[in-house]
Amino acid sequence: MNNRKVTLAAAAAGVVAGAAGLGLLAMPAGAGQPPTLPDVSAESLVEQVLTSEPGAFGGTVQVDNKLGLPSIAEIPQLADGKHSARIWTDGNGRFRAALPNGQSEQTVVHDGKTTWSWNSADNEVTKAERKPDGSKPDERKPDAKAEAANPAEAAKQVVGLTKEFSDISVDGTARVANRAAYELVLTPKASEKTLIREVRIAVDSELKMPLRVAVLTNGTSEPAGMVGFSEINVGPQDPKLFEFTPPAQAKVTTPEAKEERDRDRSPELGLEQALQGENPQVFGTGWDTVVGARIPAEAMSQVPAEAQGLVDRFTKKVSGSWGSGKVFTTKVATVLIADDGRVVAGAVPEQVLFDTIGQVK
Amino acid sequence: MITRQFGSEVRWMLRRPRTLIGLFGLVLVPIVISFGIWTAGEDEGGGPPGLGAILQGNGMVVPIFTLFLSLNLLLPLVASIWAADGLAGEAQHGTLRGLLVAPVSRVRLLFVKLFGLAAMSLFAVTLMAVVGIIAGTAFLGTDGMMTLSGTTLDTGEGLLRIALFVVLVTFQMVSIGAVALAVSAATEHPLVVQAATMTTIIVFQVLGQFSSLDWLHPFLITTGFPGLIDVMRDPVPLDQIWDSTLLAGCYLLIGTGLAAMRLITKDN
Numbered sequence: 001m002n003n004r005k006v007t008l009a010a011a012a013a014g015v016v017a018g019a020a021g022l023g024l025l026a027m028p029a030g031a032g033q034p035p036t037l038p039d040v041s042a043e044s045l046v047e048q049v050l051t052s053e054p055g056a057f058g059g060t061v062q063v064d065n066k067l068g069l070p071s072i073a074e075i076p077q078l079a080d081g082k083h084s085a086r087i088w089t090d091g092n093g094r095f096r097a098a099l100p101n102g103q104s105e106q107t108v109v110h111d112g113k114t115t116w117s118w119n120s121a122d123n124e125v126t127k128a129e130r131k132p133d134g135s136k137p138d139e140r141k142p143d144a145k146a147e148a149a150n151p152a153e154a155a156k157q158v159v160g161l162t163k164e165f166s167d168i169s170v171d172g173t174a175r176v177a178n179r180a181a182y183e184l185v186l187t188p189k190a191s192e193k194t195l196i197r198e199v200r201i202a203v204d205s206e207l208k209m210p211l212r213v214a215v216l217t218n219g220t221s222e223p224a225g226m227v228g229f230s231e232i233n234v235g236p237q238d239p240k241l242f243e244f245t246p247p248a249q250a251k252v253t254t255p256e257a258k259e260e261r262d263r264d265r266s267p268e269l270g271l272e273q274a275l276q277g278e279n280p281q282v283f284g285t286g287w288d289t290v291v292g293a294r295i296p297a298e299a300m301s302q303v304p305a306e307a308q309g310l311v312d313r314f315t316k317k318v319s320g321s322w323g324s325g326k327v328f329t330t331k332v333a334t335v336l337i338a339d340d341g342r343v344v345a346g347a348v349p350e351q352v353l354f355d356t357i358g359q360v361k
Numbered sequence: 001m002i003t004r005q006f007g008s009e010v011r012w013m014l015r016r017p018r019t020l021i022g023l024f025g026l027v028l029v030p031i032v033i034s035f036g037i038w039t040a041g042e043d044e045g046g047g048p049p050g051l052g053a054i055l056q057g058n059g060m061v062v063p064i065f066t067l068f069l070s071l072n073l074l075l076p077l078v079a080s081i082w083a084a085d086g087l088a089g090e091a092q093h094g095t096l097r098g099l100l101v102a103p104v105s106r107v108r109l110l111f112v113k114l115f116g117l118a119a120m121s122l123f124a125v126t127l128m129a130v131v132g133i134i135a136g137t138a139f140l141g142t143d144g145m146m147t148l149s150g151t152t153l154d155t156g157e158g159l160l161r162i163a164l165f166v167v168l169v170t171f172q173m174v175s176i177g178a179v180a181l182a183v184s185a186a187t188e189h190p191l192v193v194q195a196a197t198m199t200t201i202i203v204f205q206v207l208g209q210f211s212s213l214d215w216l217h218p219f220l221i222t223t224g225f226p227g228l229i230d231v232m233r234d235p236v237p238l239d240q241i242w243d244s245t246l247l248a249g250c251y252l253l254i255g256t257g258l259a260a261m262r263l264i265t266k267d268n
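Read top to bottom, the protein sequences are chains A and B.
So in full-length UniProt numbering, spot 224 of the first sequence is number 224, and the numbers just go up one at a time.
So in full-length UniProt numbering, spot 54 of the second sequence is number 54, and the numbers just go up one at a time.
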């Protein structure tokens, strides 16, 4: 009888342990105790970030996106939510990035001469070679994507562009991907008319390399967007990672050929090209910089119907002394498209765009 | 003693005609998939999105693709049938009473049933993988194994990945089976066990589609299924695989614990 009670208790303990395990697994990983680090001045930290040369490392990057972008079936990576990517670099320009997308994966490898971009969804390799004259290859698409996934590079750019227009401070420390880091905070100066309240950058205390970037907007305590390493191992990486041999069954194309073919297929590419046709005009400086352009009338009419539909679905009709158009709002940026083809965008409230659009030539 | 009981349990399971018919059905899946992709031809690209897109000319991926698809419904169904036969089926035939009054501990009886389930699951999954390799290679050809990351593994490495996937899928299947065993211990009707298990799996998958319920998702065993595909990435990221396996482990503990509690308190 007693024996039976003991077994019963053991079985019950098993059930409880299993349930507790489920609870533990569901809990987000704790950030852990913030480390104690020697004080550092904000100015010298910024300087160190800008001059740091991250060596070889490999790691997993988490992107947590709460920008308030609409979920567009055609571009799932932009939708709100968490995405992860794995990146490796040898510190000398060679890198590999693996961007999972559901069950598919996009892999970008730059081996020093050639940028290979592989997409498992269409079993296709895009090969962009460095041109003989030494100019950079047309690696806009794959590289831009891989670069955006690298918090170290993204943060460096943000700091470089905005340090003059911000109050910079060091706000304690944090533990990111199990490494001790300083929290560098860039707050736009009061004169800046921007949607962004502050940008927090966790800077590795040893390597001075940014490990995490969080963008906070006015009126919310949760970051609107966050890019950061969830795991990083610093040191030489397997050189095989920086080589790529196209699989035997894959189609190999060039970026030019792919773009040509994709233009009809994906509507957002057409829109992108229409916007890229003109040299952008830049108004203002710092956080409230507004970028403007004029889409030529013919390009406006060439935008495929699907793209037009996409635009209509997610924008609000507005008008004012400047004319009329559509405004597209997210937590960190606003885009105003006038019916006559003028486009302005920036990390600013829509009023700033209404004031600026008149200057677009 | 215990090994003899294990052996006799597995022999007893294999002797049931429905087990053999079930295994035969499972084996058909990789053959049909290979044949389907083969007839689709080169121009059609691959099959469905995801792993299906890289199947063409890449026969070694067929076993992984097959098991990945089957894990959603087919393998839980088979596990629930075996779990239903194990206790509820025996209760229905009146043979469970004999086992319960026999001078063996009821916990041991449960472990024998669980072992039978695990052995049969491993057997079924391995069988599907082996047939998948043969059918995939025969219909689609093979030149090593191309991963989702675009790298090509040699045959040895490819076989290792398949073996790893077989173990992972078997573990998921056994965990579902353990929960089914708990239901099985509580009823005399095998159909109730199958219906309850399959309903749960389907409802979990439906709940998994609602992003407004994302707080619930980490608790659902089905949430762990898609992450297992990471076996086909190169290098293999272990965190999702590890999470899925731990999640299934929790279900295994809960299922086994509940089944044990029910068996111990059962009046003969």
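By construction, the Cβ of each residue, glycine as well, lies at the ideal position given by its N, Cα and C atoms.
Source: prediction; values computed, not measured.
Please classify residue i: is it buried, with 16 or more other beta-carbons within 10 angstroms of its beta-carbon, or exposed?
| i | result |
| --- | --- |
| Ser244(B) | buried |
| Ile21(B) | exposed |
| Glu206(A) | exposed |
| Phe139(B) | buried |
| Ala97(A) | buried |
| Asn92(A) | exposed |
| Phe242(A) | buried |
| residue 365(A) | Absent from the model: residue 365(A). The displayed extent of chain A is 1 to 361, so no value can be given. |
| Val46(A) | buried |
Determine the DSSP secondary structure at residue i, reduced to helix, strand or coil.
| i | result |
| --- | --- |
| Thr115(A) | strand |
| Asn3(A) | helix |
| Phe57(A) | strand |
| His217(B) | helix |
| Val234(A) | strand |
| Glu90(B) | helix |
| Trp322(A) | coil |
| Val213(A) | strand |
| Pro142(A) | At Pro142(A) the pLDDT is 47, less than 50, meaning the model places this residue with poor confidence and gives no usable figure here. |
| Val104(B) | coil |
Within 8 Å (strictly less), CB to CB, does residue i reach chain B?
| i | result |
| --- | --- |
| Pro247(A) | yes |
| Leu8(A) | yes |
| residue 362(A) | For chain A, the structure presents residues 1 to 361; residue 362(A) sits outside this window and is missing. |
| Gly358(A) | no |
| Arg86(A) | yes |
| Gly14(A) | yes |
| Gln103(A) | yes |
| Arg179(A) | no |
| Gly59(A) | no |
| Phe283(A) | no |
| Leu67(A) | no |
| Gly228(A) | no |
| Phe244(A) | yes |
| Gly18(A) | yes |
Distance check for residue j and residue i, CA to CA, integer angstroms please.
| i | j | result |
| --- | --- | --- |
| Trp12(B) | Glu124(A) | 50 Å |
| Val49(A) | Ile37(B) | 52 Å |
| Ser44(A) | Ile201(A) | 14 Å |
| Ala185(B) | Leu159(B) | 38 Å |
| Ala260(B) | Glu188(B) | 16 Å |
| Ile254(B) | Val166(B) | 23 Å |
| Gln5(B) | Met145(B) | 40 Å |
| Ile337(A) | Thr155(B) | 55 Å |
| Arg84(A) | Gln240(B) | This sequence places Ser at residue 84(A); Arg is not what is there. If I take the Cα positions, the gap works out to 11 Å. |
| Thr330(A) | Val352(A) | 15 Å |
| Ala118(B) | Leu252(B) | 11 Å |
| Arg313(A) | Gly132(B) | 45 Å |
| Leu168(B) | Met226(A) | 32 Å |
| Lys5(A) | Ala91(B) | 24 Å |
| Asp64(A) | Leu109(B) | 48 Å |
Please decide whether residue i counts as near chain A, where near means a Cβ-Cβ distance under 8 Å.
| i | result |
| --- | --- |
| Ala260(B) | yes |
| Met146(B) | yes |
| Ala53(B) | yes |
| Thr222(B) | no |
| Leu122(B) | no |
| Arg233(B) | yes |
| Asn58(B) | yes |
| Leu69(B) | no |
| Pro237(B) | yes |
| Thr256(B) | yes |
Cβ of residue i less than 8 Å from any chain D Cβ?
| i | result |
| --- | --- |
| Thr265(B) | Of the protein chains in the structure, A and B, none is chain D. |
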